[in-house]
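Contents: one structure, followed by commentary.
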Amino acid sequence: MKNKILTMKEAVEQYVQDGDAIVIEGFTHLICFAAGHEIIRQKKKDLVACRLTPDLIYDQLIAAGCVRKVVFSWAGNPGIGPLYGLRRAVENDYPRKVEIEEYTHFGMVARFIAGASKLPFMHLRTFSGSSLLQKNKNIKTIKCPYTDEVLTTVPALNPEVAIIHVQRADALGNAQIWGLMGVQREAAFASQRIIIVAEELVEKEVIRSDPNRTLIPGMIVNAVVVEPFGAHPSYAQGYYDRDNQFYVDWYQVSKNRESMERYISDWIFGVSGRREYQEKLGLDTIKKLNAKEQFSVPVNYGF
Amino acid sequence: MKNKILTMKEAVEQYVQDGDAIVIEGFTHLICFAAGHEIIRQKKKDLVACRLTPDLIYDQLIAAGCVRKVVFSWAGNPGIGPLYGLRRAVENDYPRKVEIEEYTHFGMVARFIAGASKLPFMHLRTFSGSSLLQKNKNIKTIKCPYTDEVLTTVPALNPEVAIIHVQRADALGNAQIWGLMGVQREAAFASQRIIIVAEELVEKEVIRSDPNRTLIPGMIVNAVVVEPFGAHPSYAQGYYDRDNQFYVDWYQVSKNRESMERYISDWIFGVSGRREYQEKLGLDTIKKLNAKEQFSVPVNYGF
Amino acid sequence: MMGSYTSSELMVARASRELKDGEVVFVGIGLPNLACNLARRLQAPNLVLIYESGAVGAVPSRLPLSIGDPCLVTDSISVCSMVEVFNYYLQGGLIDVGFLGGAQVDRFGNINSTVIGDYNHPKVRLPGSGGACEISTHAKKIIIILKQNKKTFPEKIDFVTSPGFINEQNQRNKYKMQGRGPDLVITDFGVYRFSSENYTMFLSEIHPGISVEDVKENVSWHIDISPALVSTNPPTKEELKIISELDPERIHLR
Amino acid sequence: MMGSYTSSELMVARASRELKDGEVVFVGIGLPNLACNLARRLQAPNLVLIYESGAVGAVPSRLPLSIGDPCLVTDSISVCSMVEVFNYYLQGGLIDVGFLGGAQVDRFGNINSTVIGDYNHPKVRLPGSGGACEISTHAKKIIIILKQNKKTFPEKIDFVTSPGFINEQNQRNKYKMQGRGPDLVITDFGVYRFSSENYTMFLSEIHPGISVEDVKENVSWHIDISPALVSTNPPTKEELKIISELDPERIHLR
Chain A
1 MKNKILTMKE AVEQYVQDGD AIVIEGFTHL ICFAAGHEII RQKKKDLVAC
51 RLTPDLIYDQ LIAAGCVRKV VFSWAGNPGI GPLYGLRRAV ENDYPRKVEI
101 EEYTHFGMVA RFIAGASKLP FMHLRTFSGS SLLQKNKNIK TIKCPYTDEV
151 LTTVPALNPE VAIIHVQRAD ALGNAQIWGL MGVQREAAFA SQRIIIVAEE
201 LVEKEVIRSD PNRTLIPGMI VNAVVVEPFG AHPSYAQGYY DRDNQFYVDW
251 YQVSKNRESM ERYISDWIFG VSGRREYQEK LGLDTIKKLN AKEQFSVPVN
301 YGF
Chain B
1 MKNKILTMKE AVEQYVQDGD AIVIEGFTHL ICFAAGHEII RQKKKDLVAC
51 RLTPDLIYDQ LIAAGCVRKV VFSWAGNPGI GPLYGLRRAV ENDYPRKVEI
101 EEYTHFGMVA RFIAGASKLP FMHLRTFSGS SLLQKNKNIK TIKCPYTDEV
151 LTTVPALNPE VAIIHVQRAD ALGNAQIWGL MGVQREAAFA SQRIIIVAEE
201 LVEKEVIRSD PNRTLIPGMI VNAVVVEPFG AHPSYAQGYY DRDNQFYVDW
251 YQVSKNRESM ERYISDWIFG VSGRREYQEK LGLDTIKKLN AKEQFSVPVN
301 YGF
Chain C
1 MMGSYTSSEL MVARASRELK DGEVVFVGIG LPNLACNLAR RLQAPNLVLI
51 YESGAVGAVP SRLPLSIGDP CLVTDSISVC SMVEVFNYYL QGGLIDVGFL
101 GGAQVDRFGN INSTVIGDYN HPKVRLPGSG GACEISTHAK KIIIILKQNK
151 KTFPEKIDFV TSPGFINEQN QRNKYKMQGR GPDLVITDFG VYRFSSENYT
201 MFLSEIHPGI SVEDVKENVS WHIDISPALV STNPPTKEEL KIISELDPER
251 IHLR
Chain D
1 MMGSYTSSEL MVARASRELK DGEVVFVGIG LPNLACNLAR RLQAPNLVLI
51 YESGAVGAVP SRLPLSIGDP CLVTDSISVC SMVEVFNYYL QGGLIDVGFL
101 GGAQVDRFGN INSTVIGDYN HPKVRLPGSG GACEISTHAK KIIIILKQNK
151 KTFPEKIDFV TSPGFINEQN QRNKYKMQGR GPDLVITDFG VYRFSSENYT
201 MFLSEIHPGI SVEDVKENVS WHIDISPALV STNPPTKEEL KIISELDPER
251 IHLR
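Protein chains in written order, with the numbering used here: chain A, 1 to 303; chain B, 1 to 303; chain C, 1 to 254; chain D, 1 to 254.
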């Protein structure tokens, strides 16, 4: 079967289009900053940026003017403070007006489940008694045909593009994740085009040695980008730690419009890609974040 | 926390009651024959036996008179022929009348998903155009509040007891499965009482070395039974192969009422438990089924 | 036996030729499994085999007796739970080809694998749907394989387990089924396709040594014959060699 | 600073005493995380910590800055996807205690963590629900922790992110919520509980050095005072020692 390996530049050029609904998933873990930066470099426009937790990467996409709408459930810099890029867009229409469409985590998860299952909606027990029910007209209700109970519903979410960062993948896009998995599987199956970004390219034999670990099968993958350290300042369990200092520092960097734009200019437009980003970051930081070794006890797949 | 280890005899005595809806899940893989045999030995009555594929173990439970109703989606001896015990019950009320409630695999899976999620129903796209829609009044329809499309629904299934066979578990019931997982996770989360039957009891450190592998957390588990070879003639990936010859032979054993009752008398009532069953089976058979070694490539959980 | 090959071998070879490289196939045990693995050895090395048990990209090293055999897991690409198989793969629309068998098929490709006689007082109770109903609903293309006689090709089937086109109006659109329905029916007499006008089966290929009369005698309704009727290409030596390697004990080739 | 401890340390210690051994706790970052890990070191060594990121039975070896820190994964009992966290654990009714914070809480324990001012033209846009709305709906018992002043305890909150009792009739039953609602509110002034008659907050414990007047001045509505008002037990030396080990850089103890 065809090798699907592309550079990040090629993958974003070919699979991310202006106006696309896009999801770069990853709950704290495996957030693909490398892809976000390339999207900014290619000046993609009018994206509908979907994600449970917009995080710093969507903060940057918004500040760079790539986004027309954010679909989300928790918008903050975890443990630190707000996302100032998003706030400037929502509160002051800067650099452009950005619409928001807001759910809870469960609501977003349910939207991706429906999307992956090609169901038009999913029902769940949340939103009742909350103001979101009034503010978001996409949240509706349905009556159970067995118990007559009323449950809330959310519509399926089927983005045009999913970008999923993984620890290891083969050249066909068979991708394995361990540690936090968030809602990546559902985001991938729900999307029309899927870019896998891997810390490490492995032979298919490695994947096939542990098939239960495969979160996303190559058959739904359009492109594989090999991008070590591509999740920094997020992390990849077993590869490198979360750069908590970066998140702490982002508070000051992003609070001020000019300093945030300087960051984008220096660290995104100022480098050609992840290799230069790593060089700029410096070996000390990279070394400090290097993961220690703590291996799983292997299991036997023989019969 | 409390060690939950019981013998199979104790676990069935304490957690399986006459009249219970019970699920011994496992799709071909990890079907807990040891538990089924103990239920027969303890002469449990009026069970509602739920399972996608009743398989030989429910055939035996039915022939032994333990079951009043079967809830299922495919009733056969895979690749071989019918389940004669079930057929005699359904066609001739022997040894007792057994009701059936029938779905498709997807229907049963959706029932367990709803049960595990404490939702009263799940919607799906199947049954339309099939005769099951007329024959099973539990299959209903619902209209999507977004698209007006009509979808079929199934009600939640929440058995009283789930018995789940696993490869390894710790004394608290944290249980890991690899290879085929069927719908065991959902069956367990949907049930009120859960018995884990493990091929191998391991230290909690083994479980914690690979948390992504944990299918069922100890917090929902009532009892842990350590029962090596407890799935025979089904199999445990990495431990022993499926005894295909047993399944082939079952055709003749079960076709005839007397020979099936002789089997139950000799191999279930004639032994006190799995140890004696293994002795009766003999070392040659056991050796022949022993799994070869083919280990997974370990992953790093360090940070 | 037809010359130097059995009708099962012909059915397997004919089915395998339908499979294109890179397609995703939902495989059942028996002849479909042989057909898929034959295709993998010939024109479709990258055929992705999915079994309802959750094995994706299986590369069975022996003949699996059941759909959940351990040989489907070892060295497969992915093993997932049945929640994912049915929600994301099947209902998700990822399956190109699904194989179905059954005890009876009618002229619209509706299949019965549930019961002979009355549902509540069955003459013969069969296994039931398993995943067949959803395969027939969701796989883009369905290939039906079964042995043919007047009983298996009745005027009316006793139970619709897996909907084909349902009736001459093709009710699939009404139910918004994403699968296009049965594409062909392969039996030990010939290969059937469906009219795009009335969604009724017609004979499209006839196996070597079989006459149109033989076919008619083994269908309960008046079967249409294609004006372009051709003779099924017999299995090649290479096909036969591989088939016998796949099932050396001829478990599924009886 | 209250004597030899800060109000944050008192809040952490007080919260941790609510946790019983073997309970399953849905943990947030910050003070709740400290409270849970304090309880694990004292009366509740078998407390099961669940984070919405999917880590179950986490045993963090360092202070997690975020709810998805890698230290919550290493050596945990189970890591599952968020599908399972929300469907099976939370909605499934497996959570004994859930912690919630927020920008505002009203007398019925309804919490706002979404917006200050108008939703469409916010004065301050806050992060939003995350999993808070479903925690408040499904966890059997809710403990609210936040710093108290007239703004955080307003007459009316600007947005209900996480429903408490909703109003004096307790609308939770109407919505068939399986969680019983807020059990207590822990602030830097005292501990509040809710009347079983009108589901309204009342002061149940007052922190050392705080007067009832202080409390009243920092609530926007007329707050009821329990006739059985007691003084909160200050943190013990042991509690303080462990807390400072858990957060040596005092990141969450500001």
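Every residue gets a Cβ at the ideal spot worked out from N, C-alpha and C, and that includes glycine. Since the model is a prediction, treat every value here as computed from it, not as a measurement.
Rounded to the nearest whole angstrom, the C-alpha separation of Leu72 (chain C) and Val56 (chain C) is 8 Å.
Asn92 (chain A) sits away from Ser254 (chain A), with the two beta carbons spaced by 9 Å or more. With fewer than 16 other Cβ atoms inside 10 Å of its own Cβ, Asn173 (chain C) counts as exposed.
Residue contact check for Asn212 (chain A) against chain B: a CB pair falls below 9 Å. Sequence-ordered contacts of the stretch 116-141 of chain A with chain B read Ser117, Lys118, Leu119, Pro120, Phe121, Met122, His123, Leu124, Arg125, Asn138, Lys140, Thr141 [C-beta pairs closer than 9 Å]. Sequence-distant partners of Asp46 (chain B) (beyond 5 residues in either direction) whose C-beta falls short of 6 Å from its own C-beta, in its chain, are Asp18, Gly19, Arg68. Going by beta carbons, Leu246 (chain D) and Leu63 (chain D) fall inside the 9 Å limit.
Lys141 (chain D) is bridged by DSSP to D:Val97. Proximity of the stretch 82-89 of chain D to the stretch 21-41 of chain B falls short of the contact definition, fewer than three beta-carbon pairs being nearer than 8 Å. The three-state reading of DSSP puts Met108 (chain A) in helix, counting H, G and I together. Using a C-beta cut-off of 8 Å, the stretch 185-202 of chain D makes no contact with the stretch 147-158 of chain A, since fewer than three inter-stretch Cβ pairs fall below that distance.
Nearest in C-alpha terms to Phe121 (chain B), of all of A:Thr147, A:Ala63, A:Tyr263, A:Thr141, is A:Thr147. Using beta-carbon distances, Asn158 (chain A) does not count as an interface residue toward chain D, since no partner is under 9 Å. Gln43 (chain D) counts as exposed, since fewer than 16 other C-beta atoms from the protein chains shown sit within 10 angstroms of its C-beta. For Met108 (chain B), the closest Cβ of chain D is not nearer than 9 Å.
DSSP places Tyr192 (chain D) inside the beta strand (DSSP E), whose first and last residues are 190-194. Residues of the same chain with a CB within less than 8 Å of the CB of Thr74 (chain D), apart from the 5 flanking positions on each side, are Ser61 in chain order.
Closest by C-alpha distance to Lys2 (chain B), out of B:Glu200, B:Asn174, B:Ile22, is B:Asn174.
For Cys32 (chain B), no alpha helix (DSSP H) encloses it, and the DSSP letter there is neither H nor E.
Collapsing the DSSP output to three states places His37 (chain B) in a helix. Taken atom to atom, the span from the alpha-carbon of Pro32 (chain D) to that of Gly115 (chain B) is near 31 Å.
With respect to chain B, the C-beta atom of Pro70 (chain D) has a partner C-beta closer than 9 Å. In this structure, Ile95 (chain D) lies away from Gly102 (chain D), with their beta-carbon atoms at least 9 Å apart.
Separation of Gly85 (chain A) and Val70 (chain A) (C-alpha to C-alpha, rounded to the nearest whole angstrom) is 12 Å.
Proximity of Pro145 (chain A) to chain B, defined by a Cβ-Cβ separation below 9 Å, is satisfied. Neighbours of Thr236 (chain D) across chain A, judged by C-beta separation under 9 Å, do not exist; the nearest C-beta is about 27 Å away.
Neighbours of Ala190 (chain B) in chain C, taken as residues whose beta carbon is under 7 Å from its own, are absent, since the nearest beta carbon is some 12 Å off.
Look at Ile264 (chain A) here: in three-state DSSP terms it is helix. With a cut-off of 8 Å on Cβ pairs, the stretch 99-116 of chain B is in contact with the stretch 171-186 of chain B, counting three or more such pairs. Taken atom to atom, the span from the alpha-carbon of Thr236 (chain D) to that of Ala13 (chain D) is near 8 Å. In this structure, Asp249 (chain A) keeps its C-beta atom at 9 Å or more from the C-beta atom of His232 (chain A). In terms of beta-carbon proximity, Gln104 (chain D) stays away from the interface with chain A, with every pair separated by 9 Å or more. Judged by DSSP secondary structure, Phe153 (chain D) falls outside any alpha helix (DSSP H); it is assigned neither H nor E. DSSP, read as helix, strand or coil, puts Pro182 (chain C) in strand. Trp250 (chain B) has a beta carbon lying at 9 Å or more from every beta carbon in chain C.
Assignment of beta strand (DSSP E) within the stretch 198-247 of chain B, counting only whole runs of 3 or more residues, yields 214-216, 223-226 in chain order.
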